[in-house]
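Presented below is the structure to which this report refers.
There are 2 protein chains.
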Amino acid sequence: MRATYIHGAGDIRIETVPDPVLIDPTDAIVRIVRACICGSDLHPYHSKPAGNPRAIGHEFIGIVEDTGSAVHTVKRGDFVIAPFVWSDGTCEFCREGLFTSCLHGGDWGDENVGGGQGEATRVPFADGTLVPVPGITEDSPLLPSLLTLSDVYGTGYHAAVTAGVRPGETVAVIGDGAVGLLAVLAAKQLGAERIILMGRHQARTDLGREFGATDVVSERGEEGIAKVRELSGGHGAHRVLEAVGFMPAYEQALGVVRPGGAISRVGVPQYAEAPAGRVLFSPNVTLTGGVAPVRKYIGTLLPAVLDGTVNPGRVFDKTVSIEDVPAGYVAMDERTALKVLIAP
Amino acid sequence: MRATYIHGAGDIRIETVPDPVLIDPTDAIVRIVRACICGSDLHPYHSKPAGNPRAIGHEFIGIVEDTGSAVHTVKRGDFVIAPFVWSDGTCEFCREGLFTSCLHGGDWGDENVGGGQGEATRVPFADGTLVPVPGITEDSPLLPSLLTLSDVYGTGYHAAVTAGVRPGETVAVIGDGAVGLLAVLAAKQLGAERIILMGRHQARTDLGREFGATDVVSERGEEGIAKVRELSGGHGAHRVLEAVGFMPAYEQALGVVRPGGAISRVGVPQYAEAPAGRVLFSPNVTLTGGVAPVRKYIGTLLPAVLDGTVNPGRVFDKTVSIEDVPAGYVAMDERTALKVLIAP
């Protein structure tokens, strides 16, 4: 089969590799119907040292091709959503819904586990990882939206939930990437009254408005902070959803959060130390969020996707075949595409 | 009247100053019945530059001596508890209970406002600041416990509430000062099943056990972290209440918190930058807490104090007259006293 490997910074290759096989009785083999490229894939794309090529991609939906003898919740032919990490489903963290802290879980692309940007993959702990969706076929128009449940939509929702968004509140969303836009949608679903999207790519912020943003602030730094505070009654937003991960975004969050409010981060922090003393303490600001345990949210978010109430798949603005995945990385990196769908 | 002033590091003086007078119609004058010295008073005691003497003390209970024409909720002769900041009671933050972010509030010892460690003080915004307690007289045996509601008990409770302590959980409390010990009591009241107190002054940790600590860990650093993790099933405590404020205490908190858990800080951070990137993000740890809006909690905590169910006043292990307040600072600083009560 064909699969995507990263060999080093800027070096994405499509290779022919052996078809995946069952190793453990808890495994499944999934043929991948749709996958995509994540903003977080750009981090290794920018910085991976050369050597030790690794299968890449962690968002996919597909059809179960085979299962081990100990798999009970999915069977051959089932349509499934794969969260962006695999998890045993039985450890104390999985039982609490914190699948990202699974004691026996791991990442797509780990040894003997395929990446998401290929034609098929071995799935460890199929019962604890995959979420079957009955009635979906490979030609469903819902595929793009279902695919967002493997990462970006669940991640945006995690930001809104952990920040504690409540009806009537003002929410600021930092970042107009796919996660930021879906954090807007999530905040809207949780009843936020005013949703201020900070971003400056108009095509993206226009989509953000369709998802529920009431205001767009394109300014950055002090000017952007002043604008958000002005829009939120002078004291800032109750909840700030930070969907970037770089220090300026965190500093922006500190600037726009209201005393007693919360900053939820779902962009992977690209820093180790940060302002976190009295700047949080004096105004009683809570810092929350983290790696989203998206599997927990699939059941909650699925009904509105299935009945068409929401259409999170609109974040995809470019589709490539597997052979064109390297071009998809270029498009994401150069920001000519918001998010790239892969139809292997 | 006599009142306590700080002139510089280590320089606490008792001085004769004019009696306080009403300035605004929303003021009250309160005669102070009991006050105390706070761990946080030791920060200026260690580091205040010489010059610009300032009235000190921010925890007191007393009797209303006089009120301005616009004061409606307290009257002459009322017994009152004063929270450690004054607040208007009417701004948008006060209405939400975040009295520490009052738009027009301030600190005891500010210009034209007395400190708590004196015989009397002017109280701005008496309606928004003071909490009257009917039926209490100056010889009540409950005075020490009522005094803890002005700061330390409410601060410990804030740690437990903001951390989200729930019945059955494991809580680690870092610090065996008065706030840490009362955070233990608060965690117990909120139903924590296992409460691990990290501290190494046995007289204090013994009191912590009486307040509800099920375990005491006297080790620090990696050794202390290993011990707490061992006591909490290997993965750490659901809630960590950090009642110190120095970096080693924060690092300890990071080491003992369970994935998906929360660290609540109520010790004023003595640092600006801190590890706050993936160390929080990857395990989905929430960082919360802050300056406690204790006025919000007085109504909740008062009944169990009045009926004797709890006795938070046990944190006081030394009593001084006003003339001996400087000796009280020495005792707190040298840790020969846990917390010093002042009977002016």
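Residue numbers (the numbering used here), protein chains in the order written: chain H, 1 to 344; chain C, 345 to 688. By construction, the Cβ of each residue, glycine as well, lies at the ideal position given by its N, Cα and C atoms.
Within chain C, not a single residue places a beta-carbon under 8 Å from that of H/Tyr329; the smallest gap is close to 24 Å. In the same chain as C/Gly580, and ignoring 5 residues on each side of it, the C-beta atoms closer than 6 Å to its own belong to Arg573, Val600, Val601, Arg602, in chain order. Excluding its 5 nearest sequence neighbours in each direction, C/Gly450 has C-beta neighbours in its own chain below 8 Å: Val429, Trp430, Val457, Pro468, listed in chain order. Secondary structure note for H/Gly8: its beta strand (DSSP E) is the uninterrupted segment 2 to 8. In the three-state reduction of the DSSP assignment, H/Val266 falls in the coil class. In the structure shown, H/Ala126 falls within a helical segment according to DSSP collapsed to helix, strand and coil. Secondary structure note for C/Pro619: its beta strand (DSSP E) is the uninterrupted segment 617 to 619. Neighbours of C/Leu631 across chain H, judged by C-beta separation under 8 Å: Ala276, Leu280, Thr286, Leu287, Thr288.
Among the residues of chain H, those whose CB is under 9 Å from the CB of C/Leu442 are Pro259, Gly260, Pro283, Asn284, following chain order. In the structure shown, the three-state DSSP call for H/Ile342 is strand. In the structure shown, C/Arg378 adopts extended strand secondary structure according to DSSP, grouped into three states.
DSSP, read as helix, strand or coil, puts H/Gly234 in coil. For H/Glu65, the closest Cβ of chain C is not nearer than 8 Å. The bridge partners DSSP lists for H/Thr162 come to none.
Scanning its chain for C-beta atoms nearer than 7 Å, with the 5 sequence neighbours on each side dropped, one finds around H/Asp333 the residues Leu42, Tyr45, in chain order. Contact fails between the segment 652 to 666 of chain C and the segment 301 to 310 of chain H, because fewer than three Cβ pairs, one in each stretch, are under 8 Å apart.
Apart from sequence neighbours up to five positions away, the residues of its chain that approach H/Arg209 with a beta-carbon distance below 8 Å are Leu197, Val216, ordered along the chain.
DSSP places H/Asp215 outside any alpha helix (DSSP H); the residue lies instead in the beta strand (DSSP E), whose first and last residues are 215 to 217. Taking 8 Å as the cut-off, the Cβ atoms of H/Leu301 and H/Ser264 do not count as close. Assignment of C/Gly519 by DSSP, reduced to helix, strand and coil, places it in the coil class. The C-beta of C/Phe428 comes no closer than 8 Å to any C-beta of chain H. The three-state secondary structure of C/Pro476, taken from DSSP, is strand. Spatial neighbours of C/Thr549 in its own chain (CB-CB distance under 8 Å, excluding positions within 5 residues in sequence) are listed in chain order as Asp520, Leu541, Gly543, Ala557, Val560, Ser562. For C/Glu586, the secondary structure class from DSSP, reduced to helix, strand or coil, is strand. Look at C/Phe428 here: in three-state DSSP terms it is coil, with no helix or strand label. Around H/Val291, the beta-carbon contacts reaching into chain C at under 7 Å are Phe625, Ser626, Asn628. Residues of chain C with a Cβ closer than 7 Å to the Cβ of H/Pro269 are, in chain order, Gly621, Arg622, Phe625. In the same chain as H/Ser232, and ignoring 5 residues on each side of it, the C-beta atoms closer than 6 Å to its own belong to Thr170, in chain order. Partner residues in the beta bridge of C/Thr360, as assigned by DSSP, are C/Arg346. Burial is judged here by how many other beta carbons sit within 10 angstroms of a residue's own beta carbon; C/Pro364 has at least 16 and is buried. H/Phe93 has a beta carbon lying within less than 8 Å of a beta carbon in chain C. For the set C/Gly352, C/Ile356, C/Ile373, C/Ala353, the Cα lying nearest the Cα of C/Pro362 is the one of C/Ile373.
Where H/Arg95 is concerned, the enclosing alpha helix (DSSP H) starts and stops at 92 to 95.
Within the same chain, Cβ atoms closer than 6 Å to the Cβ of H/Val165 are found at Val171, Ala187, Leu190, Ala192, Arg239, the five residues on either side in sequence being excluded.
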